[in-house]
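Per the numbering used here: the sequence shown = residues 12 to 304. By construction, the Cβ of each residue, glycine as well, lies at the ideal position given by its N, Cα and C atoms. Below is one structure, written out as structure tokens, with a few remarks after it.
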Amino acid sequence: MSGLWRAPDGVRIFYEDQPGPAEALPVVCLPGLTRGARDFTALAAHLAGARRVIRPEMRGRGRSGRADPATYALPVEVGDILGLLASLGVARAVFVGTSRGGLQTMALAAANPALVAGAALNDIGPEIGPEGMARIVRGLSAAPDSYPDWAAAAEALRATYGAEFTDLTDAQWDGFARQLFTERDGRPARDFDPALVAATAAAVAAGAAAVKAAAEAGQPAPSLWPLFDALKPVPALAIRGANSALLTAETLAAMAARKPDLAVLTLPNRGHAPFLDEPQALAAIDALLARAA
12 MSGLWRAPDG VRIFYEDQPG PAEALPVVCL PGLTRGARDF TALAAHLAGA RRVIRPEMRG
72 RGRSGRADPA TYALPVEVGD ILGLLASLGV ARAVFVGTSR GGLQTMALAA ANPALVAGAA
132 LNDIGPEIGP EGMARIVRGL SAAPDSYPDW AAAAEALRAT YGAEFTDLTD AQWDGFARQL
192 FTERDGRPAR DFDPALVAAT AAAVAAGAAA VKAAAEAGQP APSLWPLFDA LKPVPALAIR
252 GANSALLTAE TLAAMAARKP DLAVLTLPNR GHAPFLDEPQ ALAAIDALLA RAA
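Here it is, written out as structure tokens:
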């Protein structure tokens, strides 16, 4: 089933809610920066009948309502997730977060430790590769609002991401396009508020300015490591695409050193971010769920 939850500021938050047995921990899937519930279709199908799976779409993305661009910010999104889950009666769950969804997962663990029973971080960590972030901002800024047809959309993705996702078939490129885009007026179109691009660029610039100011003042730079540390008490899995520039191999190694029980999976022929339909990824998430239980 699907539904809409209304945030305190009136913005409608769309979610998919797949039923599962009450005795099993539910799974909450949090998508990347501009992505939506479709990114977790394969995972939801894999868990069908065994777990309740909740897949929200953040404000300004997918079928959720557009909002003041100032609210396209991690603290507001975390508040939306907490409010939605409370309305659905979810007091404890395992979270699967891709990219920005992984940052939200870490922030949730810091804000409400009792809520997070386990976490899978898909191609994200407490240090974000600057080249990977720059690629995302450039890609969002340069991409057209729509494409003539699905073949053109798939070909555009192949041209942009072919060096990272090196073994995809034509059918997989088409599936990738259908995850990212929605059909509008008969054309595949971007499925997020265009204002999100400027908001993201501004946030990246503000982060860089904060790091520079801290260095000039001889102070420690702002860090996401305390958010990652909030996951120390629970089972956790870190998945990395071997070709990713956002989650580097060095950061992944530092995460494993800081949390020795962290399960780690690096997927070949994947960049940012793995699709979570890969057999190795599904097996690793199954193992995480068994540990969290």
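Next on the checklist: Tell me which residue opens and which closes the beta strand (DSSP E) that glutamine 29 is part of.
Outcome noted: Counting from one through the sequence shown, the residue named residue 29 turns up at place 18. Here the beta strand (DSSP E) through glutamine 29 covers 23-29.
Note to self: So for phenylalanine 239, helix, strand or coil by DSSP?
What the structure shows: Locating residue 239 in the sequence shown gives position 228, where the first residue counts as 1. Residue state, collapsed to three classes: helix.
Please confirm whether glutamine 115 and valine 89 have their CB atoms less than 8 Å apart. Locating residue 115 in the sequence shown gives position 104, where the first residue counts as 1. Locating residue 89 in the sequence shown gives position 78, where the first residue counts as 1. Cβ atoms of glutamine 115 and valine 89: closer than 8 Å.
Which same chain residues, not among the five before or five after alanine 225, have their C-beta less than 6 Å away from its C-beta?
In the sequence shown, residue 225 corresponds to position 214, counting from 1. Closer than 6 Å at the Cβ level, and outside the excluded window around alanine 225, lie Ala232.
Item to complete: Flag this pair as touching only if the segment 94-109 and the segment 77-85 have three or more C-beta atom pairs under 8 Å; answer yes or no.
Response: no
ask   = Since phenylalanine 187 is in the alpha helix (DSSP H), which residue starts that stretch and which ends it?
value = By one-based count along the sequence shown, residue 187 stands at place 176. Its alpha helix (DSSP H) spans residues 181-191.
When you compare only the Cα positions, how much space is there between alanine 267 and glycine 218? Against the sequence shown, residue 267 aligns to sequence position 256. Against the sequence shown, residue 218 aligns to sequence position 207. Taking the straight line from one Cα to the other gives about 25 Å.
- Message: Alpha carbons only, please: which of Glu175, Gly136, Ala274 and Gly150 is nearest the one belonging to leucine 235?
- Response: One-based indexing of the sequence shown puts residue 235 at position 224. When only C-alpha atoms are compared, the closest one is Gly136.
- With glycine 140 and threonine 259 assumed to form a contact (beta carbons below 8 Å), what rounded beta-carbon distance in angstroms separates them? Taking the sequence shown and counting its residues from 1, one reaches residue 140 at position 129. Taking the sequence shown and counting its residues from 1, one reaches residue 259 at position 248. With a Cβ gap of about 5 Å, glycine 140 and threonine 259 count as contacting.
I'd like the span of the alpha helix (DSSP H) that includes glycine 113, first residue to last. Your numbering for residue 113 matches position 102 in the sequence shown. Element bounds for glycine 113: 111-122.
If you check the beta carbons only, do glycine 47 and aspartate 202 fall under 8 Å apart?
One-based indexing of the sequence shown puts residue 47 at position 36. One-based indexing of the sequence shown puts residue 202 at position 191. Taking 8 Å as the Cβ cut-off, glycine 47 and aspartate 202 qualify as a contacting pair.
Output needed for leucine 293: all residues of its chain with C-beta closer than 6 Å, excluding positions within five of it in sequence on either side, in chain order.
In the sequence shown, residue 293 corresponds to position 282, counting from 1. Within the same chain, leucine 293 has close Cβ partners His57.
Q. For glycine 150, does the count of other Cβ atoms within 10 angstroms reach 16, so buried, or fall short, so exposed?
A. For the purposes of this step, residue 150 is identified with residue 139 of the sequence shown, where counting begins at 1. Exposed, because fewer than 16 other Cβ atoms sit within 10 Å of the Cβ of glycine 150.
| First and last residue of the alpha helix (DSSP H) that includes isoleucine 296? | Mapped onto the sequence shown, residue 296 falls at position 285. From DSSP, the alpha helix (DSSP H) with isoleucine 296 extends over 290-303.
Can you name the start and end residues of the beta strand (DSSP E) that isoleucine 65 belongs to? Sequence index remark: in the sequence shown, residue 65 carries index 54 (1-based). Segment 64-67, the beta strand (DSSP E) holding isoleucine 65.
* To do: Would you mind stating whether aspartate 178 and leucine 257 have Cβ atoms separated by less than 8 Å?
  => Here residue 178 refers to the residue found at position 167 of the sequence shown. Here residue 257 refers to the residue found at position 246 of the sequence shown. Going by C-beta atoms, aspartate 178 is not nearer than 8 Å to leucine 257.
What whole-angstrom Cβ distance do alanine 53 and aspartate 288 have, given they're in contact under 8 Å?
What you label residue 53 is simply residue 42 of the sequence shown in a count that begins at 1. What you label residue 288 is simply residue 277 of the sequence shown in a count that begins at 1. About 4 Å; that satisfies the 8 Å criterion.
Alpha-carbon spacing of alanine 121 relative to alanine 130, whole angstroms:
Position 110 of the sequence shown, counting from 1, holds the residue named residue 121. Position 119 of the sequence shown, counting from 1, holds the residue named residue 130. If you take the alpha carbons of alanine 121 and alanine 130, they lie about 12 Å apart.
Given 8 Å as the limit, is there contact between the segment 274-287 and the segment 150-161, that is, 3 or more CB pairs closer than that? no
Need the endpoints of the beta strand (DSSP E) that alanine 256 sits in, please.
Position 245 of the sequence shown, counted from the start, is the residue given in the question as residue 256. Careful: alanine 256 lies outside any beta strand (DSSP E) and carries neither H nor E.
Below 8 Å between beta carbons: does that hold for valine 38 and leucine 96? Translated into positions along the sequence shown, residue 38 becomes position 27. Translated into positions along the sequence shown, residue 96 becomes position 85. No, the pair does not count as a contact, with Cβ atoms beyond the cut-off.
Practice problem: Report yes if the CB atom of glutamate 68 is closer than 8 Å to the CB atom of arginine 62, and no otherwise. | Solution: As a working note, residue 68 is residue 57 in the sequence shown. As a working note, residue 62 is residue 51 in the sequence shown. Going by C-beta atoms, glutamate 68 is not nearer than 8 Å to arginine 62.
**Asked** Quick one: what's phenylalanine 203 bridged to in DSSP?
**Response** Stepping through the sequence shown from its first residue, residue 203 is reached at position 192. Answer is Arg72, bridged to phenylalanine 203.
Residues in the same chain with beta-carbon distance under 6 Å from valine 22, minus the five sequence neighbours each way, listed in chain order, please. Translated into positions along the sequence shown, residue 22 becomes position 11. Correct list, in chain order: Arg70, Gly76 and Ala78.
Taking the alpha helix (DSSP H) that alanine 55 falls in, what are its first and last residues? Indexing the sequence shown from 1 puts residue 55 at position 44. Unbroken alpha helix (DSSP H) run through alanine 55: 52-58.
Check your understanding: Going straight from the alpha carbon of glutamate 34 to that of phenylalanine 51, what length do you get?
Key -> Counting from 1 along the sequence shown, the entry for residue 34 is found at position 23. Counting from 1 along the sequence shown, the entry for residue 51 is found at position 40. Going by the C-alpha atoms only, they are around 22 Å apart.
Quiz item: Given alanine 128, which residues of its chain have a CB within under 7 Å of its CB, disregarding the five upstream and five downstream residues?
Solution: As a position in the sequence shown, residue 128 is number 117, starting the count at 1. Same-chain partners within the cutoff: Leu36, Arg103, Ala104, Val105, Val245 and Ala303.
key: Own chain partners of proline 159 with C-beta closer than 7 Å, once the 5 adjacent residues on each side are dropped   = Start at 1 with the first residue of the sequence shown, and residue 159 comes out as number 148. Arg198.
Worksheet item: Is it right to say leucine 15 is buried, meaning 16 or more other beta carbons lie within 10 angstroms of its own, or is it exposed?
Response: As a first step, residue 15 must be located in the sequence shown, where it is residue number 4. Leucine 15 is exposed by the Cβ-count criterion.
- To the nearest whole angstrom, what separates the beta carbons of arginine 66 and tyrosine 26, a pair I think is in contact under 8 Å? As a working note, residue 66 is residue 55 in the sequence shown. As a working note, residue 26 is residue 15 in the sequence shown. Yes, they are in contact, since the Cβ atoms of arginine 66 and tyrosine 26 sit about 6 Å apart, within 8 Å.
#### Entry: leucine 168 to phenylalanine 286 span [Cα, whole Å]
Counting from 1 along the sequence shown, the entry for residue 168 is found at position 157. Counting from 1 along the sequence shown, the entry for residue 286 is found at position 275. Straight-line Cα distance between these residues: approximately 14 Å.
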